[in-house]
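Working notes, structure below.
2 protein chains.
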Amino acid sequence: MPMIPERGFPEAEYAMRTAKAQAAMARDGLAGLLLTTEPEMRYFSGFHTLFWQSPTRPWFLFVPATGKPVAVIPEIGAELMRGTWIEDIRTWSAPAPEDDGITLLTELLAPHARGEVVGLLKGHETHLRMPLNDYERLLAGLGGLRIADATGLIRDLRMVKSEAEIEKIGHACAIASRSFARLPEIAAEGQPLEDVFRAFRREMLGQGADDIPYLVGGADRGGYHDVISPPSRRPLARGDILMLDTGSTWDGYFCDFDRNWAIGSADDASRRAYDVLWRATEAGLAAARPGATCRDIFKAMQGVIAEMDSQGGDVGRLGHGLGMQLTEWPSHAAWDTTEIVENMVLTLEPSLGYGDGRIMVHEENIVVRKGGAQLLTERAAPELPII
Amino acid sequence: MPMIPERGFPEAEYAMRTAKAQAAMARDGLAGLLLTTEPEMRYFSGFHTLFWQSPTRPWFLFVPATGKPVAVIPEIGAELMRGTWIEDIRTWSAPAPEDDGITLLTELLAPHARGEVVGLLKGHETHLRMPLNDYERLLAGLGGLRIADATGLIRDLRMVKSEAEIEKIGHACAIASRSFARLPEIAAEGQPLEDVFRAFRREMLGQGADDIPYLVGGADRGGYHDVISPPSRRPLARGDILMLDTGSTWDGYFCDFDRNWAIGSADDASRRAYDVLWRATEAGLAAARPGATCRDIFKAMQGVIAEMDSQGGDVGRLGHGLGMQLTEWPSHAAWDTTEIVENMVLTLEPSLGYGDGRIMVHEENIVVRKGGAQLLTERAAPELPII
Numbered sequence: 001m002p003m004i005p006e007r008g009f010p011e012a013e014y015a016m017r018t019a020k021a022q023a024a025m026a027r028d029g030l031a032g033l034l035l036t037t038e039p040e041m042r043y044f045s046g047f048h049t050l051f052w053q054s055p056t057r058p059w060f061l062f063v064p065a066t067g068k069p070v071a072v073i074p075e076i077g078a079e080l081m082r083g084t085w086i087e088d089i090r091t092w093s094a095p096a097p098e099d100d101g102i103t104l105l106t107e108l109l110a111p112h113a114r115g116e117v118v119g120l121l122k123g124h125e126t127h128l129r130m131p132l133n134d135y136e137r138l139l140a141g142l143g144g145l146r147i148a149d150a151t152g153l154i155r156d157l158r159m160v161k162s163e164a165e166i167e168k169i170g171h172a173c174a175i176a177s178r179s180f181a182r183l184p185e186i187a188a189e190g191q192p193l194e195d196v197f198r199a200f201r202r203e204m205l206g207q208g209a210d211d212i213p214y215l216v217g218g219a220d221r222g223g224y225h226d227v228i229s230p231p232s233r234r235p236l237a238r239g240d241i242l243m244l245d246t247g248s249t250w251d252g253y254f255c256d257f258d259r260n261w262a263i264g265s266a267d268d269a270s271r272r273a274y275d276v277l278w279r280a281t282e283a284g285l286a287a288a289r290p291g292a293t294c295r296d297i298f299k300a301m302q303g304v305i306a307e308m309d310s311q312g313g314d315v316g317r318l319g320h321g322l323g324m325q326l327t328e329w330p331s332h333a334a335w336d337t338t339e340i341v342e343n344m345v346l347t348l349e350p351s352l353g354y355g356d357g358r359i360m361v362h363e364e365n366i367v368v369r370k371g372g373a374q375l376l377t378e379r380a381a382p383e384l385p386i387i
Numbered sequence: 001m002p003m004i005p006e007r008g009f010p011e012a013e014y015a016m017r018t019a020k021a022q023a024a025m026a027r028d029g030l031a032g033l034l035l036t037t038e039p040e041m042r043y044f045s046g047f048h049t050l051f052w053q054s055p056t057r058p059w060f061l062f063v064p065a066t067g068k069p070v071a072v073i074p075e076i077g078a079e080l081m082r083g084t085w086i087e088d089i090r091t092w093s094a095p096a097p098e099d100d101g102i103t104l105l106t107e108l109l110a111p112h113a114r115g116e117v118v119g120l121l122k123g124h125e126t127h128l129r130m131p132l133n134d135y136e137r138l139l140a141g142l143g144g145l146r147i148a149d150a151t152g153l154i155r156d157l158r159m160v161k162s163e164a165e166i167e168k169i170g171h172a173c174a175i176a177s178r179s180f181a182r183l184p185e186i187a188a189e190g191q192p193l194e195d196v197f198r199a200f201r202r203e204m205l206g207q208g209a210d211d212i213p214y215l216v217g218g219a220d221r222g223g224y225h226d227v228i229s230p231p232s233r234r235p236l237a238r239g240d241i242l243m244l245d246t247g248s249t250w251d252g253y254f255c256d257f258d259r260n261w262a263i264g265s266a267d268d269a270s271r272r273a274y275d276v277l278w279r280a281t282e283a284g285l286a287a288a289r290p291g292a293t294c295r296d297i298f299k300a301m302q303g304v305i306a307e308m309d310s311q312g313g314d315v316g317r318l319g320h321g322l323g324m325q326l327t328e329w330p331s332h333a334a335w336d337t338t339e340i341v342e343n344m345v346l347t348l349e350p351s352l353g354y355g356d357g358r359i360m361v362h363e364e365n366i367v368v369r370k371g372g373a374q375l376l377t378e379r380a381a382p383e384l385p386i387i
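Residue numbers (full-length UniProt numbering), protein chains in the order written: chain A, 1 to 387; chain B, 1 to 387.
Structure below.
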């Protein structure tokens, strides 16, 4: 069993993230950043809890132009927040539909409401996690405040991981790799797919995962048809192609990859699809170097996929960023010209449609180093494994 | 082992939900409802997937004044959506930052952009799950469209559960009740809290849970200090009070309750806090009858809590609704005058602060019937159990 990394981050990591954000804010003319979503609050404060599962209460973190971030949060989170590096913690008794933090936020932002600009996440892959009514009320009460989209700023920061972050993602990947290796002992012909899922979740916890927020997959004769479904009660049958795709976490960081197996025997089309995707991943591994773009990685994989693809199974891209969220910027797609830089953590996720509406997906997780892609996952077998 | 309910719902359930929504829309003068969040999309369509873990793609469901809802979704979800009762499914190749469904939505909503009103969730406990830039662009392209807050309408529908929903929540509660009953065999002095969490997750999966999206708790000498933390590596020690609070799911429906134990021996203050909260729950059970209000339930519990509470541990309310989300409307709080009606599923969650910053929370789940509260959870022991 490999070494288990330290949990959490030293305070210096949060100080560095904040300093980098503040340098970018100065460049972009932002007086502050107002953040409402879990990954961003955790990124700058270290505030880590599953309590975000409850949609009831909004949470706010404000990154000023200088100094530590300020937390404006429900009182129920005060004790946990006091354990982070944040010092200025302002709380209210939430939920309070009439004033869920709006007075506190208004006080905090009022000094900037004389024409200054505050950044907010408004762009791709983001949302505003507070009631829209409250947001409109907040702005109405801060007449002179200008809002700018800070998605690019946050995206640039979060896309490049620290060594400590890479270690956590690598640990999550190692746990899932060990679990996938045990799958032939867990799954068998005749077992309902739902039971395979449940057994695999237990295996991952046993291997050290904290949580399995994401587990999808499919199994069907000669290939699966869908890659985002919950499991059915249909028993695995000889000739099925089985796929499991997991986003399990360790210390709040995700892995995100899948594996494919044939039950009993494999049909020729599925074996060929597997081979094409395995080689497409190889092409992606070779292309994922500093200085390349996401489009380059996409094209490298697509060039191999084109040997077989019938243009079914449009999943929109061939991989993405990975970290505190199951999927993060950037996207391996023709439209994404993001430059690949060292210490990006990425998935390579080639997929293709074949036969009568069947789809196959492969996925690996990598970190980009100076010399190129370094696998964080145990590479899938080069030929479709048979259980 | 009790009977396992059927998964999913008959089409008639979705038709009934839609008909009720449409009756309320007619009452409120709404030409449609535009929904962007997972529970609402699932409520009206049956579209059920963990793929929402990925923040990358927006998903839309439009409930028109008459007829079935219309899905405007990424192509990756088309196959799964075709398995629901929805017929009009419009897809695009997502992600597509330049046009993530906006053209499709604009076409769909254009007929209403001549002064008609479309409902959107803008109120308490809601958020808009799409990039704010895209929302602003959508509205700008539909000059004559008026938006109204439909939170009240959706809240009224979702607060009252069908028998099929109650059965699923009851099943989730039964799974967690059996798992909590096994805790004394799982947890022991000397065991790090993190390992207790992991073993408890495995137990819940073994008892039949699909997933455990929420597990928090605490353990400390003479009482815990925080109720939303992830677990530490600190070993359980004699004199600790241990609390676990879980929101585990079955077929997409949550339970949400906790249990408390003392390790080895219990201090007097914790035993007294436990007794007060157990009796506060009894008062809540007696008060949760059709015709009462959430405020009545709050006051009934608060009256008992007042025997001891030092006003620490402000969690803002003493329970809430429960269903497709860990926490739903309404809130047992002085400000919530929602009338309790039959087939509401609720938590009773009295808490109090005591000693030097310690907090204790109890929680049970109930369904409100004609005659009053019916427990869905196996009632907690009347005295603090010792492991």
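Each residue gets a CB set at the ideal place from its N, CA and C atoms; glycine is no exception. Predicted model, so just to flag it, every value in this text is computed and none were measured.
Interface flag, residue i vs chain A, CB-CB below 8 Å
i: R90 of chain B; result: no
i: P213 of chain B; result: yes
i: R201 of chain B; result: yes
i: M324 of chain B; result: no
i: V196 of chain B; result: no
Cβ-Cβ separation, residue j to residue i (assumed contact under 8 Å), whole Å
i: L193 of chain B; j: R234 of chain B; result: 6 Å
i: F254 of chain A; j: G319 of chain A; result: So it is not a contact: roughly 14 Å between Cβ atoms.
i: L138 of chain B; j: A113 of chain B; result: With a Cβ gap of about 11 Å, L138 of chain B and A113 of chain B do not count as contacting.
i: Y214 of chain B; j: L50 of chain A; result: 5 Å
i: G303 of chain B; j: A333 of chain B; result: The pair is not a contact, with the Cβ atoms about 15 Å apart (cut-off 8 Å).
Sub-8 Å separation of residue i and residue j beta-carbons
i: D226 of chain A; j: L80 of chain B; result: yes
i: V216 of chain B; j: D245 of chain B; result: yes
i: K370 of chain A; j: E342 of chain A; result: yes
i: I263 of chain A; j: R238 of chain A; result: yes
i: I166 of chain A; j: V368 of chain A; result: no
i: L277 of chain B; j: L352 of chain B; result: yes
i: L121 of chain B; j: I154 of chain B; result: yes
i: K20 of chain A; j: L157 of chain A; result: yes
i: L205 of chain A; j: R202 of chain B; result: yes
i: D267 of chain A; j: H362 of chain A; result: no
i: L109 of chain B; j: L61 of chain B; result: no
i: M243 of chain A; j: Y274 of chain A; result: no
i: P59 of chain B; j: Y14 of chain B; result: The residue asked about is misnamed: residue 59 of chain B is Trp in this sequence, not Pro. No, these two residues do not count as a Cβ contact at 8 Å.
i: M288 of chain B; j: G372 of chain B; result: Before going on, a small fix: residue 288 of chain B reads as Ala here, not Met. Yes, Cβ-Cβ distance for A288 of chain B and G372 of chain B is below 8 Å.
i: I228 of chain B; j: I76 of chain A; result: yes
i: H48 of chain A; j: R42 of chain A; result: yes
i: H124 of chain A; j: L128 of chain B; result: no
i: A269 of chain B; j: Y354 of chain B; result: yes
i: Q22 of chain B; j: A71 of chain B; result: no
Cutoff 8 Å: residue i Cβ touching any chain B Cβ
i: E165 of chain A; result: no
i: M301 of chain A; result: no
i: G123 of chain A; result: yes
i: A94 of chain A; result: yes
i: I169 of chain A; result: no
i: W59 of chain A; result: no
i: M3 of chain A; result: no
i: E349 of chain A; result: no
i: P330 of chain A; result: no
Burial state of residue i, where buried means 16 or more other Cβ atoms lie within 10 Å
i: T337 of chain A; result: exposed
i: A96 of chain A; result: buried
i: W335 of chain A; result: exposed
i: I4 of chain A; result: exposed
i: D210 of chain B; result: buried
i: T18 of chain A; result: buried
i: E40 of chain A; result: buried
i: R82 of chain B; result: exposed
Residue i beta carbon near the ligand GDP (any heavy atom closer than 7 Å)
i: W59 of chain B; result: Absence of the ligand GDP is noted for the structure shown, with no ligands found whatsoever.
Using 8 Å as the Cβ pair cut-off and three pairs as the minimum, do the segment 180 to 192 of chain A and the segment 30 to 43 of chain A touch?
no
Contact the segment 166 to 176 of chain B vs the segment 127 to 135 of chain B: 3+ CB pairs below 8 Å
no
When Cβ atoms are compared, which residues of the segment 244 to 269 of chain B fall closer than 7 Å to chain D?
No chain D appears in this structure, whose protein chains are A and B.
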